[in-house]
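Enquirer: Numbering-wise (this note's numbering), the sequence shown opens with residue 168 and increments by one.
Idealized CB from N, CA, C, for every residue including glycine.
Predicted model only: the values in this text are computed from it and were never measured.
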Amino acid sequence: MLVSISQGAMFAIQVPARQSLIPELVGKDLVTNAIGLNAMIMGITTMIAPAIGGYTYEFFGPLNSYLIVSFTMIIGVFMVGFVPSFPPKLISKNKSTFKKL
């Protein structure tokens with residue numbers, strides 16, 4: 168239960184951070200497509216992940232299922248290293264946020 172709560176809390180932080188990187192990764196002209204693709208993948212994952220989890224639990228048992236999930240999360244942590252880092256943007260105090268849009 169504690170793991171589920173901590174994963175949910177991390178997901179609440181992760182989604183806005185991921186969404187904020189999209190314009191930097193794809194450029195302004197592809198932002199709409201990239202956000203749509205991201206939403207589609209999240210929706211498909213929400214539908215398919217419980218089925219994969221149930222299959223894994225049934226055939227491998229609870230301990231091995233947890234180990235498989237842990238291993239895939241570790242792979243994800245290492246893959247974050249391949250995301251390019253961007254220099255921070257300087258925020259002008261004179262410009263309006265609406266004018267920047």
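What is the residue span of the alpha helix (DSSP H) that LEU169 lies within?
Expert: First-last of the alpha helix (DSSP H) with LEU169: 169 to 193.
Enquirer: Could you tell me the distance, in whole angstroms, from the CA atom of TYR224 to the CA atom of ILE215?
Expert: Spanning the two alpha carbons is a distance of roughly 14 Å.
Enquirer: Classify VAL198 as helix, strand or coil using the three-state DSSP reduction.
Expert: It is helical.
Enquirer: Which of the three DSSP states is assigned to SER252 in this structure?
Expert: In this structure, SER252 counts as coil in the three-state DSSP scheme.
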